[in-house]
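Residue numbers (our numbering): -2 to 53. Data first, discussion second: the structure below is written as structure tokens.
Dropping the structure here:
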């Protein structure tokens, strides 16, 4: 079964590996799973916070 994918360029959704509108490779639009029991939670949180600081 094909999974939903999103084009990063034109933001359209498709089931294919390439966007039909612009031909760009599509990516998975779903966020990664989150668990408070994750042993790498501290590192993921630091990476997320630093990515927001770079954008500002």
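Note that beta-carbon positions come from the ideal geometry of N, C-alpha and C, so glycine has one too.
_Measuring only the C-alpha atoms, how far is residue 10 from residue 30?_
21 angstroms
_Given a cut-off of 8 angstroms on the beta-carbon distance, is the pair residue 23 and residue 50 in contact?_
no
*Kindly give me the distance between the Cβ atoms of residue 21 and residue 41, rounded to whole angstroms, as I take these residues to be in contact under 8 angstroms.*
Rounded, the Cβ-Cβ distance is 27 angstroms, inconsistent with contact.
*Cutoff 8 angstroms; reference residue 44; Cβ partners in own chain excluding five residues on either side*: none
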